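What follows is one structure encoded as structure tokens, with my remarks underneath.
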Amino acid sequence: MQLTVLGRYAPYPAPGGACSGYLIQNGETSIMLEAGNGSFSKLCKHIDFRRLAAVVVTHLHPDHYMDLFCLRHAIAAAIREEKRTGPLALFLPSQPEEEYQRLAQYTDAFIVNSIETLPKVELDNSIQVYRSRVGRLQLEFVPNYHPIPAYAVSIECERGRLVFSGDTARTRELEEIARGADLFLCEASGLDKDIEFVRSGHLTARQAGELAKKAGVRKLVITHLYPEYSINDLSTQASEGFGRAVVVAKEDAKYDLLK
Ligand SMILES: [Zn+2]
Ligand SMILES: [Zn+2]
């Protein structure tokens with residue numbers, strides 16, 4: 501399984517950059533994870549969008565879903581032009597209602613799966629997950645702590661597991677689902693001085709590192725970066741929290757799960 505970073509910024513992109521967007525590829529299966537501003541353009545540098553199997557959006561904040569509107573037109577046109585056989589599976593929360601309804605009406609492009617309607621399963625560590633499958637990849641969602649309904653997601657293939665935090669403050673669910681992940685892609689929205697600001701639903705770089713350490717992940721990649729901040733400061737504080745070197749997500753870079 502391979503992760504390609506399409507966009508790493510929030511809540512607005514740096515010049516030439518994009519907001520949250522990731523491409524997950526495993527064999528023939530490709531998933532777009534988040535569709536923030538500018539991420540669709542970046543996606544097209546790496547893959548023919550007509551080949552996507554699914555798109556997963558962790559919550560309905562603009563920096564995570566705005567480019568669904570590009571994708572909708574692109575997919576609908578591809579189906580009309582017989583360059584793609586059917587709509588794209590879209591996983592997303594069913595709230596806020598207005599945003600959800602607006603997207604759910606695009607049945608010419610999407611087969612909508614609201615996360616809350618997926619089968620609920622209790623894991624050995626007593627957390628509950630919503631579970632689904634795309635090709636040979638297993639998806640598991642746990643609720644986050646964020647101003648609107650939001651999820652973290654685990655994506656598992658035969659050979660390993662990637663966990664993405666989405667947007668969230670610290671939760672037990674996130675720590676449990678991240679436990680032992682081969683690659684933990686975690687938001688790092690602030691520096692130490694932002695500790696009060698992030699309380700409402702984000703992590704500082706140091707908190708991301710600390711959480712990853714407690715969860716015993718193999719590799720930590722930090723993302724969801726404020727464009728005004730120094731990459732070096734974010735990296736240093738996350739590494740101090742983690743106790744070893746972290747990777748700062750780089751747009752257009754590819755990360756192999758098992759390397
Ligand atoms: Zn958010
Ligand atoms: Zn965000």
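Mapped onto this note's numbering, the consecutive letters of the sequence shown carry residue numbers 501 to 759. Yeah, the Cβ is synthetic: ideal placement off N, Cα and C, and Gly gets one too. Treat the numbers as computed from the prediction; the structure is a model and nothing was measured.
Query raised in the report: Can you name the start and end residues of the beta strand (DSSP E) that F684 belongs to?
Result: Position 184 of the sequence shown, counted from the first residue, corresponds to residue 684. Counting along the chain, the beta strand (DSSP E) containing F684 begins and ends at L683 to E687.
Query raised in the report: Roughly how far, in whole angstroms, is the beta-carbon of A681 from the beta-carbon of G709, given that I think they are within contact range, below 8 Å?
Result: Within the sequence shown, numbered from 1, the residue matching residue 681 stands at position 181. Within the sequence shown, numbered from 1, the residue matching residue 709 stands at position 209. Wrong, their Cβ atoms sit about 14 Å apart, outside the cutoff.
Query raised in the report: Quick one: complete alpha helix (DSSP H) runs, 4+ long, within the region 637–690?
Result: 672–678
Query raised in the report: Leaving out five residues before and five after S632 in sequence, what residues of the same chain have Cβ atoms less than 6 Å from its Cβ?
Result: Indexing the sequence shown from 1 puts residue 632 at position 132. Only L618 and L639 meet the Cβ criterion.
Requested in this report: Rounded to whole angstroms, what's the CA-CA distance from P587 to I615? Just pull it up for me.
Outcome: Reading the sequence shown from its first residue, position 87 is the one you call residue 587. Reading the sequence shown from its first residue, position 115 is the one you call residue 615. Their Cα atoms are separated by approximately 18 Å.
Report task. Take the Cβ of I731 as the centre, count every other Cβ of all protein chains shown within 10 Å, and call the residue buried at 16 or more, exposed below. Result -> Counted from its first residue, the sequence shown places residue 731 at position 231. The residue in question, I731, is exposed, as its Cβ has fewer than 16 Cβ neighbours within 10 Å.
Query raised in the report: Does the distance from the CB of L533 to the CB of G517 come in under 9 Å?
Result: In the sequence shown, counting from the first residue as 1, residue 533 sits at position 33. In the sequence shown, counting from the first residue as 1, residue 517 sits at position 17. No.
Query - Nearest neighbour of A535, chosen from Q525, T736, T671 and H559 [CA to CA] - result: By 1-based counting over the sequence shown, the position of residue 535 is 35. For A535, the nearest C-alpha among the options comes from H559.
Query raised in the report: Got a sec, what are the start and stop residues for the alpha helix (DSSP H) I531 sits in?
Result: The residue you call residue 531 lines up with position 31 of the sequence shown. Not the alpha helix (DSSP H): I531 falls in the beta strand (DSSP E), residues T529 to A535.
Query raised in the report: Nearest chain B C-beta to C657 closer than 9 Å, yes or no?
Result: Among the chains in the structure shown there is no chain B, since it carries only a single protein chain.
Query raised in the report: Which two residues bound the contiguous alpha helix (DSSP H) that contains R580?
Result: The count along the sequence shown starts at 1 and reaches residue 580 at position 80. Unbroken alpha helix (DSSP H) run through R580: L568 to R580.
Query raised in the report: For ligand 2, is there a heavy atom less than 8 Å away from the beta-carbon of E687?
Result: One-based indexing of the sequence shown puts residue 687 at position 187. Answer for E687: yes, Cβ within range of ligand 2.
Query raised in the report: Can you find at least 3 beta carbon pairs, one from the region 591–604 and one from the region 694–702, that sit closer than 8 Å?
Result: no
Requested in this report: For S626, name the three-state secondary structure that DSSP assigns.
Outcome: Here residue 626 corresponds to residue number 126 of the sequence shown, with the count starting at 1. Coil at S626, not helix or strand.
**Report entry** Cut-off 8 Å between Cβ atoms - residues of its own chain near A749, not counting five sequence neighbours on either side
**Finding:** Locating residue 749 in the sequence shown gives position 249, counting from the first residue. Result list for A749: V505, R508, L685, V721, I722, T723 and L725, in chain order.
Query raised in the report: Does the Cβ of D667 lie closer than 8 Å to at least one heavy atom of ligand 1?
Result: Translated into positions along the sequence shown, residue 667 becomes position 167. Indeed, a heavy atom of ligand 1 lies less than 8 Å from the Cβ.
**Report entry** Rounded C-alpha distance that separates E687 from L590
**Finding:** For the purposes of this step, residue 687 is identified with residue 187 of the sequence shown, where counting begins at 1. For the purposes of this step, residue 590 is identified with residue 90 of the sequence shown, where counting begins at 1. Each residue's alpha carbon lies about 22 Å from the other.
**Report entry** Through-space distance from L503 to P515, alpha-carbon basis
**Finding:** Residue 515 sits at position 15 when you count from the first residue of the sequence shown. Residue 503 sits at position 3 when you count from the first residue of the sequence shown. Computed Cα separation, rounded: 23 Å.
**Report entry** Three-state secondary structure (DSSP) of Q595
**Finding:** Position 95 of the sequence shown, counted from the start, is the residue given in the question as residue 595. Q595 falls in the coil class under three-state DSSP.
Query raised in the report: Under the three-state reduction of DSSP, which class applies to T761: helix, strand or coil?
Result: Limits of the chain in this structure are 501 at one end and 759 at the other, which puts residue 761 out of reach.
Query raised in the report: Alpha carbon to alpha carbon, what distance is there between T585 and V642?
Result: Position 142 of the sequence shown, counting from 1, holds the residue named residue 642. Position 85 of the sequence shown, counting from 1, holds the residue named residue 585. V642 and T585: Cα-Cα distance of roughly 31 Å.
Report task. Please classify N625: is it buried, with 16 or more other beta-carbons within 10 angstroms of its beta-carbon, or exposed? Result -> Counted from its first residue, the sequence shown places residue 625 at position 125. With fewer than 16 other Cβ atoms within 10 Å, it is exposed.
Query raised in the report: Who are the near neighbours of F697 in its chain, counting only those whose CB is closer than 8 Å to its CB and skipping five residues on each side?
Result: The residue given as residue 697 occupies position 197 in the sequence shown. Contacts found: G690.
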